[in-house]
Amino acid sequence: MASVEIRDVRKAFGATEVIHGVNIEIEDGAFVVLVGPSGCGKSTLLRMIAGLENITAGEIKIGDRVVNDVPPKERDIAMVFQNYALYPHMTVAANMAFSLKLRRAARAEVEARVKRAAEILGLVPYLDRYPRQLSGGQRQRVAMGRAIVRDPQVFLFDEPLSNLDAKLRVAMRTEIKELHQRLETTTVYVTHDQIEAMTMADTIVVMHDGIVEQIGTPLELYDRPDNLFVAGFIGSPAMNLVKGRIKANGKAAFTGPNGVQLPLASAPSHSEGRPVIYGIRPEHFTIADDGAEAEIVVVEPTGSETQVFAKLGGEEVVAVFRERHQFNPGDKIRLKPDPRLVHLFDEATGKRLNA
Amino acid sequence: MVDATIPTRRAVLAAESSAWDRLKSNRHWLGYWFMLPALLILFLFLAYPLGLGIWLSFTDAKIGRAGEFIGLENYEWLQGDSIFWTSIFNTLLYTIVASFIKFGAGLYLALLLNQHLPFKALIRSAILIPFIVPTVLSAIAFWWIYDTQFSIISWSLKKLGLIAINIDFLGDPNNARASTIFANIWRGVPFVAITLLAGLQTVSPSLYEAATLDGATRWQMFRHITYPLLTPIIAVVMTFSVLFTFTDFQLIWAMTRGGPVNATHLMATLSYQRAIIAGQLGEGAAIATAMIPFLLTAIMISWFGLQRRKWQQGENND
Numbered sequence: 003m004a005s006v007e008i009r010d011v012r013k014a015f016g017a018t019e020v021i022h023g024v025n026i027e028i029e030d031g032a033f034v035v036l037v038g039p040s041g042c043g044k045s046t047l048l049r050m051i052a053g054l055e056n057i058t059a060g061e062i063k064i065g066d067r068v069v070n071d072v073p074p075k076e077r078d079i080a081m082v083f084q085n086y087a088l089y090p091h092m093t094v095a096a097n098m099a100f101s102l103k104l105r106r107a108a109r110a111e112v113e114a115r116v117k118r119a120a121e122i123l124g125l126v127p128y129l130d131r132y133p134r135q136l137s138g139g140q141r142q143r144v145a146m147g148r149a150i151v152r153d154p155q156v157f158l159f160d161e162p163l164s165n166l167d168a169k170l171r172v173a174m175r176t177e178i179k180e181l182h183q184r185l186e187t188t189t190v191y192v193t194h195d196q197i198e199a200m201t202m203a204d205t206i207v208v209m210h211d212g213i214v215e216q217i218g219t220p221l222e223l224y225d226r227p228d229n230l231f232v233a234g235f236i237g238s239p240a241m242n243l244v245k246g247r248i249k250a251n252g253k254a255a256f257t258g259p260n261g262v263q264l265p266l267a268s269a270p271s272h273s274e275g276r277p278v279i280y281g282i283r284p285e286h287f288t289i290a291d292d293g294a295e296a297e298i299v300v301v302e303p304t305g306s307e308t309q310v311f312a313k314l315g316g317e318e319v320v321a322v323f324r325e326r327h328q329f330n331p332g333d334k335i336r337l338k339p340d341p342r343l344v345h346l347f348d349e350a351t352g353k354r355l356n357a
Numbered sequence: 014m015v016d017a018t019i020p021t022r023r024a025v026l027a028a029e030s031s032a033w034d035r036l037k038s039n040r041h042w043l044g045y046w047f048m049l050p051a052l053l054i055l056f057l058f059l060a061y062p063l064g065l066g067i068w069l070s071f072t073d074a075k076i077g078r079a080g081e082f083i084g085l086e087n088y089e090w091l092q093g094d095s096i097f098w099t100s101i102f103n104t105l106l107y108t109i110v111a112s113f114i115k116f117g118a119g120l121y122l123a124l125l126l127n128q129h130l131p132f133k134a135l136i137r138s139a140i141l142i143p144f145i146v147p148t149v150l151s152a153i154a155f156w157w158i159y160d161t162q163f164s165i166i167s168w169s170l171k172k173l174g175l176i177a178i179n180i181d182f183l184g185d186p187n188n189a190r191a192s193t194i195f196a197n198i199w200r201g202v203p204f205v206a207i208t209l210l211a212g213l214q215t216v217s218p219s220l221y222e223a224a225t226l227d228g229a230t231r232w233q234m235f236r237h238i239t240y241p242l243l244t245p246i247i248a249v250v251m252t253f254s255v256l257f258t259f260t261d262f263q264l265i266w267a268m269t270r271g272g273p274v275n276a277t278h279l280m281a282t283l284s285y286q287r288a289i290i291a292g293q294l295g296e297g298a299a300i301a302t303a304m305i306p307f308l309l310t311a312i313m314i315s316w317f318g319l320q321r322r323k324w325q326q327g328e329n330n331d
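The listed protein sequences correspond, in order, to chains A and B. Numbered per my numbering, the first sequence spans residues 3 to 357. Numbered per my numbering, the second sequence spans residues 14 to 331.
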């Protein structure tokens, strides 16, 4: 096991730079998820760690060793691909044993390691099958088995669950997490799914357009997004973001579209009249007499909660309640954001303003 | 409603129509009607000539004279014909040597063309040129290249000071064999290369990436990934290549007509010479018929080679 250090790494394909200087430190044994929309450079970064793409500038260290010029097979990493990349002409056992055979490991050792990996992953009955004869989830497990048998310094996962159906994805999510807790191997996991990131990661790295937007634990990102992008990306349903201005004199408040007044616990200094974006998570609304008037658009009960889409000053917001409300479209309710849980962002830079 | 009307309609049809009418409208016969055109073509252009050829080999037919059945006399006669045995030897030599080299060179070219090269598309199309030039034209070109007086090869080697006198490419038996085999290889390699290239492109690049991470060298990747995944297409392409080479006629006929001293006579050219030039239809047909066991053997080998491998079976849901 080893730590991974990514220092000011850049990647350019020809004249186009796709990663613009990324710094990430991954502790030994950590489970780090790189998350971001497609095209943000997260997979490219992972492939650079693996050695499948060369590093245009900067430095990647695995353990104490700078690996920029180390060929992939000497980096002691294992990767699980999105399409699994199982060798179709080899049995499950042969797929898992391939890397060991290439290393000329002793036959007994190969068998023992394959057996152990198969036991961990519940693949023992399938060792003699070919990839085509397996279901999606089983193939996924074989791909992980191939990584486990090598006992590498670092596991790399490149969107490993995106080819599975929703139910299996949730199950495999837990399995991967359990596997990590058991093996404690440093893991870098790439996904575009923020739920996967939130549920699996020790540390999340949010990437966007080739830069790191924020690094933090799942709850840090959720509770204190550094900027508008992270605020909008993490959380489902997404945070409500309303444009308006700060009223700092007297009791701090926020004036939204069409004069809607929303509460603020405190305003940043020298901010009277400043154009900002007011962010509030759907579950931080309450219904109160002193709230702002909103008109119901749609109500979506999910059983455990009720999602209410309403127009607040002409702008649509979503509120989530644990209670089961009976509203009809067109009904008027009074929504009150919890002022302590409000996020303020600068309209021009998108940076977080409040502490 | 529907169920109720069908029996009555059938009954009416049966009562009023003739057997021919029923044949025209019966659903079970419909499939056969659709197959009829293909069946006719196959019969007319494949089964009938094949049957006729085999029948002719049992007769003493000559051009202009319908033959009579003479049993195995043609074959008995051929058994004692040393030229016939030479032609079998030539054909096997020609096929085996040319096919092996075509496979090796074709695979090498395919691997080369599968790399990132500048002007990749242009090179790929250029590779196909020998295949699309009409055989007789390339044979005539080779005839000139191999000409005793004007050969460009002899000329170049002489200018380089490597040889003193012109090489007799097509006049010496062994030279002639090598030269015709080379011409056949030149013509056949593109087919093998392009087909194998198509096969190579079906191999997912992520397999090579996975193998890279697993620590495979380039040779190990070829040995453990490319080659096994390519075997089904190799079986197909080599079957065709062997069949085409074994039955080759045009190249030889345009270049050497089987000479010198029958050194390049293949079974196909000998059959043509005996049947059409010499007019001995029965004997020529017997030579042609003697090719059938060889071709069947080649087909059987590829048939077993083509059996779906175990890893290709099972669900294909990806």
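Ideal Cβ positions, reconstructed from N, Cα and C, are used throughout, including at glycine.
| Asked | Found |
| --- | --- |
| Using a Cβ-Cβ cutoff of 9 Å, what residues of the region 223 to 239 of chain B are near chain A? List them in chain order. | Ala223, Ala224, Thr225, Leu226, Asp227, Gly228, Ala229, Thr230, Gln233, His237, Ile238 |
| Taking B/Pro131 as the query, report the chain A residues whose CB atoms sit under 8 Å from its CB, ordered along the chain. | Within 8 Å Cβ-Cβ: nothing; B/Pro131 doesn't reach chain A, min ~15 Å. |
| Taking only runs of the alpha helix (DSSP H) that begin and end inside the region 197 to 252 of chain B, which ones reach a length of at least 4 residues, in chain order? | 218 to 227, 231 to 234 |
| Using 8 Å for Cβ pairs, my map puts B/Pro203 next to B/Pro143. What's the rounded Cβ distance? | 5 Å |
| Is it a yes or a no for the region 111 to 118 of chain A touching the region 159 to 177 of chain A, going by three-plus beta-carbon pairs under 8 Å? | no |
| Just reading off the alpha helix (DSSP H) that B/Asp34 is part of, what are its end residues? | 32 to 38 |
| Do B/Thr193 and B/Thr269 have their CB atoms nearer than 8 Å? | yes |
| Using DSSP's beta-bridge definition, name the partner residues of A/Gln216. | A/Val208 |
| Do the CB positions of B/Leu243 and B/Gly212 come within less than 8 Å of each other? | yes |
| Would you mind giving the Cβ-Cβ distance between A/Gly147 and A/Leu123, rounded to the nearest angstrom? I have them listed as a contact below 8 Å. | 5 Å |
| By the three-class DSSP mapping on this structure, what secondary structure does A/Gln309 have? | strand |
| Could you check how far apart the C-beta atoms of A/Val11 and A/Ile57 are, in whole angstroms? I think they sit under 8 Å. | 6 Å |
| Going along the chain, which residues of its own chain have a beta-carbon closer than 7 Å to the beta-carbon of B/Ile158, five neighbours each way excluded? | Ser164, Ile165, Ile166 |
| Going along chain A in order, which residues have a C-beta closer than 7 Å to the C-beta of B/Leu213? | Neighbours of B/Leu213 on chain A: none; closest Cβ ~15 Å, over 7 Å. |
| Can you round the beta-carbon distance between A/Leu48 and A/Val190 to whole angstroms, since I take them to be within the 8 Å contact cut? | 6 Å |
| Looking at chain A, is there any beta carbon in it that lies within less than 8 Å of the beta carbon of B/Ser219? | yes |
| Tell me A/Glu19's beta-bridge partners as DSSP assigns them. | A/Ala14 |
| Could you have a look at A/Thr187 and say whether DSSP puts it in helix, strand or coil? | coil |
| B/Leu120 touches chain A at which residues, Cβ-Cβ below 8 Å? | By Cβ distance, chain A contributes nothing, its closest Cβ being about 18 Å from B/Leu120, past 8 Å. |
| How about A/Ala294 and A/Val310: are their beta carbons less than 8 Å apart? | no |
| Suppose you measure from the CA of B/Ala298 to the CA of B/Thr108; what does that come to, to the nearest Å? | 21 Å |
| Taking the beta strand (DSSP E) that A/Asn242 falls in, what are its first and last residues? | 242 to 249 |
| Could you work out which residues of chain D lie near B/Leu242, taking near to mean beta carbons separated by less than 9 Å? | You won't find chain D in this structure, because its protein chains are A and B. |
| Hey, how far is the Cα of B/Leu283 from the Cα of B/Ala303? | 12 Å |
| DSSP puts B/Gly64 in a beta bridge; with which residues? | Note: B/Gly64 sits in no beta bridge, so no partner. |
| Looking at the secondary structure, which residues open and close the alpha helix (DSSP H) in which B/Phe155 lies? | 148 to 158 |
| Take the Cβ of B/Thr215 as the centre, count every other Cβ of all protein chains shown within 10 Å, and call the residue buried at 16 or more, exposed below. | exposed |
| Using a beta-carbon distance below 8 Å, is A/Asn85 in contact with chain B? | yes |
| Keeping to the same chain, check which residues put their C-beta closer than 7 Å to that of B/Gly66; ignore five residues upstream and five downstream. | Ala298, Ala301, Thr302 |
| Quick check on A/Arg342 - is its C-beta less than 8 Å from some C-beta in chain B? | no |
| Would you mind reading off the limits of the alpha helix (DSSP H) that contains A/Ala114? | 109 to 123 |
| Start and end of the alpha helix (DSSP H) containing A/Gln155? | Counting along the chain, A/Gln155 falls outside any alpha helix (DSSP H), and DSSP gives it neither H nor E. |
| Just how far apart, CA to CA, sit A/Ala233 and A/Glu76? | 39 Å |
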